[in-house]
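Which chain is which? The protein sequence lines are V and Y, in order.
Following my numbering, the numbering of the first sequence begins with 2 at its first residue and continues without gaps.
Following my numbering, the numbering of the second sequence begins with 2 at its first residue and continues without gaps.
Number of protein chains: 2
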Amino acid sequence: MSFEQLQQQVDFIHEIDKVKYIQRKTKLFNSNRNENDAEHSWHLAVMAIILSGHANDQIDLLKVIKMLLIHDVVEIDADDIFLYDTIRSHTNTDAELKAAKRIFGLLPQAQADEFIAIWEEFEAGITPEAKFARSMDRFEPLLQNVSNNGGTWKEFNVKYNQVVQKKSIIKEGSQKLWDFAKVLIDESVDKGILLKAEQQ
Amino acid sequence: MSFEQLQQQVDFIHEIDKVKYIQRKTKLFNSNRNENDAEHSWHLAVMAIILSGHANDQIDLLKVIKMLLIHDVVEIDADDIFLYDTIRSHTNTDAELKAAKRIFGLLPQAQADEFIAIWEEFEAGITPEAKFARSMDRFEPLLQNVSNNGGTWKEFNVKYNQVVQKKSIIKEGSQKLWDFAKVLIDESVDKGILLKAEQQ
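What follows is the structure, given as structure tokens:
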């Protein structure tokens, strides 16, 4: 590989520093500071390593980690969209695809192609790796809200049924984690940090 | 695996959130905000994926990524020590080993043992994986200081010879990256953002 290609890689490494500035809605486990996308991606990758034994299917852990480390890079151009946003959808928008092509396109061609494909696979959510990676992406904010006395559920008036609906995607990656998550969700109702629709 | 073991894993996931509060000396690529250990670990893991083709030896990339994602977890208990600190050494202190045993010890035994071993392998810096992982850990702050108009070199009056000495460890992981790094270091002298010892 030439110095020129190494320079392209360094340009990409430089560009993705911007991921550290993208604020998520969710807060850290024990504070009022918002988490940023780099911290979030780091945490999900570690979680995948720790929790991979609970996956429903045999998974290529390296691929899952690649997905998780780069899944939010597109938000450099295309914004973080809140899971419970009622106006904008998070699903694979044109803006995100354009962002993926621009940002991964900084890399040498073969790597650009690989990362765009991995990002698309994650977004499609069909393969065992994508399903498990997406279950990590849903499980972390659940743990944060439980830890944070309701966190974004309280802040944005999100109710039990919405949480169950959005979080149930966890079971596609891991039934075991979903069983555990359901216990946490029900305990949150008991504690009064998550309300059912009829409650105010 | 039992729910009890899953709870141990979740306790670990919760504990390592503290990595997001540990401030490094180095700043982000384009700002005056200090980088934290979670952002740093994320960036190094992505760099390892992108740059693994430049490693001197055949490496197990998954192991390298594991090393990089968890290498600073010990700093929850044991502090970040600046690379150019003239009083305290960064090398594998008793405090760090104690921290590794406490923090990874939150995990189920087999995972605790695996992570302590991986962390020790990284610290020892002998295997091809450890050498390459450590080259990432030295290369990122170099890129940051170059991008940041001298960054911590200027702030802490670090001179050319110290940089060459500390950064030359990069060549143990990748001669190619070290050749590239040397160009950046020499260019930094030319630009006046890194001084030689005789310069004030």
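Note that beta-carbon positions come from the ideal geometry of N, C-alpha and C, so glycine has one too.
As the structure is a computational prediction, the values presented were derived from the model and not from experiment.
Around the C-beta of S3 of chain V, fewer than 16 other C-beta atoms lie within 10 Å, and the residue is accordingly described as exposed. Annotated three-state conformation of T128 of chain V is coil, per DSSP. N35 of chain V carries a strand assignment under DSSP once its states are collapsed to helix, strand and coil. In this structure, Y:T27 is the residue among Y:D78, Y:T27, Y:K99 with its C-alpha nearest to the C-alpha of N150 of chain Y. Residues of chain Y whose Cβ lies closer than 7 Å to the Cβ of S42 of chain V are, in chain order, W43.
The Cβ atoms of A131 of chain Y and F123 of chain Y sit closer than 9 Å to each other. If you draw a straight line from the Cα of E141 of chain Y to the Cα of D18 of chain V, it comes to about 11 Å. V184 of chain Y counts as exposed, since fewer than 16 other beta carbons sit within 10 angstroms of its beta carbon.
Annotation: N150 of chain Y has no Cβ neighbours in chain V at a cutoff of 8 Å; minimum Cβ distance is about 14 Å. Within the same chain, L69, M137, D138, E141 come within 7 Å of L45 of chain V by CB-CB distance, once the 5 residues on both sides are set aside. Secondary structure of T27 of chain V (DSSP, three-state): strand.
Contacts with chain V (Cβ-Cβ distance below 9 Å) from the segment 54–77 of chain Y involve G54, H55, L62, L63, I66, K67, L70, I71, V74, listed in chain order. In this structure, the straight-line span from the alpha carbon of Q145 of chain V to that of K160 of chain Y is close to 43 Å. With distances taken between CA atoms, K64 of chain V lies nearest to V:R135 out of V:Q6, V:R135, V:K168. Per DSSP, the continuous alpha helix (DSSP H) segment holding Y161 of chain Y begins and ends at 161–168. Our two residues, F105 of chain V and K192 of chain V, have alpha carbons roughly 44 Å apart in a direct line. Looking at the backbone, the Cα of A79 of chain Y and that of D95 of chain V are separated by about 45 Å. Any Cβ of chain Y closer than 9 Å to the Cβ of Y22 of chain V would place that residue at the interface, and such an atom is present. Apart from sequence neighbours up to five positions away, the residues of its chain that approach Q6 of chain Y with a beta-carbon distance below 6 Å are P109, ordered along the chain. DSSP places D61 of chain V in the coil class of the three-state scheme, outside both helix and strand. Residue environment analysis places N37 of chain Y among the buried positions, since at least 16 neighbouring C-beta atoms fall within 10 angstroms of its C-beta. Secondary structure note for G193 of chain V: it is in no alpha helix (DSSP H), with a DSSP letter that is neither H nor E. Identification of chain V residues near N35 of chain Y by a Cβ-Cβ cut-off of 9 Å yields none; the smallest Cβ-Cβ distance measures about 11 Å. Less than 9 Å divides the Cβ of Q176 of chain Y from the Cβ of N57 of chain Y.
In this structure, the straight-line span from the alpha carbon of I51 of chain Y to that of V190 of chain V is close to 44 Å. Taking 9 Å as the CB threshold, E121 of chain V stays off the interface with chain Y. Membership of G152 of chain V in the alpha helix (DSSP H) is indicated by the continuous run 152–156. Separation of V147 of chain V and Q166 of chain Y (C-alpha to C-alpha, rounded to the nearest whole angstrom) is 47 Å. Under the 9 Å criterion on CB atoms, Q112 of chain Y is classed as interfacial with respect to chain V. Of all residues in the segment 3–15 of chain Y, those with a C-beta nearer than 7 Å to a C-beta of chain V are F4, L7, Q10, V11, F13, I14, H15, reading in chain order. Of the candidates Y:A198, Y:E76, Y:T153, Y:P129, Y:T153 places its Cα closest to the Cα of S32 of chain Y.
In the structure shown, S42 of chain V adopts helical secondary structure according to DSSP, grouped into three states. As the crow flies, the alpha-carbon of E16 of chain V is around 11 Å from that of V75 of chain V.
With a contact defined as Cβ atoms closer than 8 Å, I66 of chain V and I66 of chain Y qualify at about 6 Å. Contact of A39 of chain Y with chain V is assigned, a C-beta pair being separated by under 9 Å.
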